[in-house]
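Peer 1:
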Amino acid sequence: MSEFSSSNYDARNYSEARPRYPAEYFEYLRNYHVGKKDLLVDVGCGPGSFSLELKRHLGFRNLEGTDLSARMIERANAEVSGRGASDARFSVHAAEDLDWLSAGSVDMITAAQCSHWLDFSAFQKAAYRVLRPQGTLAVWGYVDPIIVEYPETDTLLEEFQYGDSFLGPYWENPGRNILRTLLRCQVIDRRSYSNIAQATYRARSTASSCDYTRPLVMVKKMSLSDFEGYIKSWSAYSSWRNQNPASDDLCKGFLGRLRLNTGTSSSSTFTVAWNSVYKFAKRRV
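Adding 266 to a residue's 1-based position in the sequence shown gives its number in the working numbering.
1. What are the partner residues of L403, as DSSP defines its beta bridges?
2. Determine the direct distance from the alpha carbon of A377 to that of M338, and round the result to whole angstroms.
3. Could you compute how far the alpha carbon of G325 sits from the alpha carbon of E418?
4. Under DSSP, the alpha helix (DSSP H) around A392 begins and ends at which residues?
5. Of all the options A361, C380, G401, which has the alpha carbon lying nearest to the alpha carbon of M374?
6. Taking just the CA atoms, how far does T528 sit from K486?
7. Fully enclosed by the region 423 to 464, which alpha helix (DSSP H) runs are 4 residues long or longer?
8. Quick test of the definition: if touching needs 3 or more C-beta pairs under 8 Å, does the region 355 to 367 touch the region 301 to 314?
9. With burial defined as no fewer than 16 other Cβ atoms inside 10 Å of the residue's Cβ, what is the status of D353: buried or exposed?
10. For E330, does the three-state DSSP call read helix, strand or coil?
11. Around the Cβ of G519, are there at least 16 other Cβ atoms within 10 angstroms (buried) or fewer (exposed)?
12. Based on Cα-Cα distance, which residue from G407, N510, A392 lies nearest to L482?
13. Taking 8 Å as the limit between beta carbons, can you name the residues of its chain near G301, skipping five residues before and five after?
14. Quick one: grab the DSSP three-state call for Q302.
15. Buried or exposed: which applies to L526, given that a residue is buried once 16 or more other Cβ atoms fall within 10 Å of its Cβ?
16. Please classify N541: does DSSP put it in a helix, a strand, or coil?
17. So, helix, strand or coil for R355, using DSSP?
18. What is the DSSP secondary structure of D308, counted as helix, strand or coil?
19. Whose C-alpha, out of R550, L334, L524, E282, is nearest the C-alpha of I413?
20. Can you tell me which of S491, S315, A404 puts its alpha carbon nearest to the alpha carbon of Q464?
21. Using beta-carbon positions only, say whether G331 and R355 come within less than 9 Å of one another.
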């Protein structure tokens, strides 16, 4: 996660290149939550654009967003300033550090695409203290894109992401492996939380069934240029670039191979899908 705090990391590209969460997911989370909606806390909020979108979709009055990266928080505060929003604040904090919030003061805590970086046990305990009874804890993530129309590129993508000669050595672990296994080792404590709802989706099997209506099925139409921007938002790519400033661009080489394998041009579009996971729980009374 340290790569996102680097002064060289492009927080604007992160915000623009990442996929959007589907409307069905917001509706599912909104229906899961019970009771008042005074305060939403979004940890690991990144550049803040999704936090503001989440607040709007779920109908919360106030938002507190936190991230370890001062660069991301700078971008988030610029977003708030641009919108003139007085009901949203962003500050630098670790997700596990919620001591600045009063006990029982929070209605929902979300950790979107960041749970794999956390000390999950400490995070759950901190969340339990500040959530009101029956308040919602929600974590989710996505990983490992595929190109739906071209299953023959799955191996190519796997090699580029994890091969020793490509980006494999540049992912931070154990975080990346935790996400790749769809947070399997991050088990919600049933002594502190109840009404647990969770699901995982595998992109290739979901694509085969053409069922894109379930809550967190992640798909996005992309051009090769869009896909390049997405790859360059990865922490592993940023780490590789910082460590190999004079090398030919790995991403350009990969996209060339992708074009050869698919017969696509720079103006072609295709459907990208991801493996995904969500876990919801309510704080016990």
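Glycine included, every Cβ here is placed at the ideal spot set by N, Cα and C.
Fair warning: this is a prediction, and the values are worked out from it, not measured in the lab.
Peer 2: Looking at the coordinates:
1. I375, A547
2. 15 Å
3. 42 Å
4. 386 to 396
5. G401
6. 18 Å
7. 441 to 446
8. yes
9. exposed
10. strand
11. exposed
12. G407
13. D373, R398, Q400, G401
14. The residue you asked about is not Gln; residue 302 is Lys in the sequence shown. DSSP places K302 in coil when its eight states are reduced to three.
15. exposed
16. strand
17. strand
18. strand
19. L524
20. A404
21. yes
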